[in-house]
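First comes the structure, then the notes that go with it.
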Amino acid sequence: VGLGRIGSEVAKRASGLEMNLMGYDPFISEKRAVELGVKLATVNEIAKEADYITVHTPLIKETRNILDDEQFALMKPGVKIINCARGGIISEEALTRALESGKVGGAALDVFVEEPPFDNPLLKFDNVIVTPHLGASTQEAQVNVAIDIAKEVVSVLTGGLAKNAINIPSVKPEAMAVLAPYIRLSELMGKIAGQLVDSNYEKVEIAYNGEISGKDTRPLTVSALKGLLEMALGSGVNYVNAPTLAKSRKIAVVESKSESAEEYSSTVSIRLTSGETAKLVVGTVVGDEPKIVSVDDDWVDIFPAGRMIFAKHINKPNVIGPCCMVLGRNNINISGMQVGRAEVGGVTMMVLNVDTDVSDAILEEVLRVPGIINAKLVTL
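This note's numbering puts the first residue of the sequence shown at 407, with every later residue one more than the last.
Shown next, in the form of structure tokens:
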């Protein structure tokens with residue numbers, strides 16, 4: 407479960423042991439899975455088939471308790487569970503019950519919800535191997551960190567780049583004054599595109615049009631990748647490791663520039679491609695504020711913030727009203743609304759700003775409104 411850098415290395419080694427491999431990762435391409443010899447599957451499908459289950463994901467809302475009572479009930483008797491990623495990905499209570507019943511034949515853990523795990527009931531089992539979460543606390547690791555820091559300081563003080571900077575690639579102050587709002591725009595666009603895409607993507611195309619094309623756009627590309635991958639991998643993604651993470655997932659990153667731009671002096675566009683399908687988001691900066699002007703060629707006019715529902719729909723009567731009524735019945739306050747323009751009977755985009763989270767069940771209600779084609783919640 408999770409086929410990032412570590413999960414991929416585990417897959418390579420398991421393949422060498424002639425294991426049949428199944429993997430779940432909503433942000434890895436089919437091509438990359440084939441290279442690893444992994445059959446992509448859902449978590450429940452893995453639970454039904456696997457003899458060994460190992461997790462390698464960040465702890466985010468979507469991965470918390472990804473293995474819970476429902477999944478353990480599906481597993482083979484005697485299944486082995488391994489978690490060296492983050493405490494909380496596997497429900498400790500559910501794992502305890504599965505060990506007590508004999509459903510799980512053994513577990514290996516070096517992470518827990520609360521650390522150190524003094525009173526954790528998992529410690530009582532003879533068939534549970536536990537080790538301390540101390541990978542970065544050895545004497546050798548501390549010495550290597552100190553050496554790396556010293557090298558970075560020397561590099562910066564002698565006019566070089568901070569190769570492992572934690573905030574952003576080195577940019578001259580005068581250039582940063584121009585780029586700063588576009589850096590923010592690019593990251594927000596990445597987050598939006600990452601939440602709107604329906605499938606694993608293989609290519610990210612970032613286009614710079616107009617005046618911005620004459621600038622050093624490397625920080626913008628990095629920011630877009632950071633926002634994009636953060637949606638899948640959590641807060642561990644930063645401006646330094648985002649390009650490396652994209653490369654490790656076999657995501658092709660293509661950057662293009664053009665001096666021409668329609669409507670605005672500068673625009674940034676992000677296109678995610680998976681096979682024959684694509685997701686396109688276009689943005690600009692107005693008064694130093696990021697603005698989204700197009701989604702999938704549907705013109706919109708929004709300043710991205712908070713929670714937004716992007717609903718593609720047929721431009722006809724009795725669509726927008728019922729959609730808003732669904733939210734009202736569920737006590738979801740609409741603080742703003744913007745609707746793209748299309749011919750009557752054509753397809754356009756509606757963006758609703760809402761003040762609270764919208765559950766999957768409520769989104770399903772929205773999707774059942776006649777004329778609604780799809781609806782996605784985006785949280786920034």
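Think of the CB as a built atom: it goes at the ideal place given N, C-alpha and C, for glycine as much as any other residue.
Keep in mind that this is a model prediction, so the values were computed, not measured.
Kindly indicate which residue of the options has the alpha-carbon position closest to the one of residue i.
{"i": "K685", "options": "D704, P625, P696 and G642", "result": "D704"}
{"i": "E695", "options": "M595, G493, D475 and T502", "result": "M595"}
{"i": "I740", "options": "G752, I715 and I778", "result": "I715"}
{"i": "S671", "options": "P527, V692 and G633", "result": "V692"}
{"i": "P710", "options": "N471, R655 and V757", "result": "V757"}
{"i": "M731", "options": "V534, E771, G746 and D761", "result": "E771"}
{"i": "L631", "options": "D604, G620, A667 and E661", "result": "E661"}
{"i": "F531", "options": "A648, L783 and A514", "result": "A514"}
{"i": "K663", "options": "N724, N647 and S619", "result": "S619"}
{"i": "N606", "options": "P587, Y458 and A638", "result": "A638"}
{"i": "R411", "options": "E608, I598 and A652", "result": "A652"}
{"i": "D702", "options": "V688, N737, P527 and A667", "result": "V688"}
Under a CB-based cut-off of 8 Å, is residue i close to chain D?
{"i": "L635", "result": "Of the protein chains in the structure, only one exists, and it is not chain D."}
Which word fits residue i, buried or exposed, when buried means at least 16 other C-beta atoms lie within 10 angstroms of its C-beta?
{"i": "D766", "result": "exposed"}
{"i": "R438", "result": "buried"}
{"i": "Q545", "result": "exposed"}
{"i": "P625", "result": "buried"}
{"i": "I676", "result": "buried"}
{"i": "T690", "result": "buried"}
{"i": "I589", "result": "buried"}
{"i": "L529", "result": "exposed"}
{"i": "D431", "result": "buried"}
{"i": "V440", "result": "exposed"}
Could you give the distance in angstroms between the alpha-carbon of residue i and the alpha-carbon of residue j?
{"i": "N615", "j": "V674", "result": "6 Å"}
{"i": "D516", "j": "H539", "result": "5 Å"}
{"i": "E455", "j": "S700", "result": "43 Å"}
{"i": "L480", "j": "P464", "result": "23 Å"}
{"i": "I726", "j": "T754", "result": "12 Å"}
{"i": "D554", "j": "I488", "result": "31 Å"}
{"i": "I779", "j": "T502", "result": "43 Å"}
{"i": "V560", "j": "N644", "result": "22 Å"}
{"i": "L773", "j": "Q548", "result": "53 Å"}
{"i": "G508", "j": "E476", "result": "16 Å"}
I think residue i touches residue j, with their Cβ atoms under 8 Å apart; what is that distance to the nearest whole Å?
{"i": "L446", "j": "K418", "result": "The pair is not a contact, with the Cβ atoms about 16 Å apart (cut-off 8 Å)."}
{"i": "S497", "j": "L473", "result": "7 Å"}
{"i": "K621", "j": "V584", "result": "6 Å"}
{"i": "A491", "j": "G429", "result": "Wrong, their Cβ atoms sit about 14 Å apart, outside the cutoff."}
{"i": "S654", "j": "S629", "result": "So it is not a contact: roughly 19 Å between Cβ atoms."}
In the DSSP assignment, the beta strand (DSSP E) including residue i goes from what residue to what residue?
{"i": "T460", "result": "Y458 to V461"}
{"i": "E695", "result": "E695 to V701"}
{"i": "E661", "result": "A658 to S664"}
{"i": "D707", "result": "D704 to I708"}
Within the continuous alpha helix (DSSP H) that includes residue i, where are the two ends?
{"i": "M731", "result": "I726 to R735"}
{"i": "L501", "result": "E498 to S507"}
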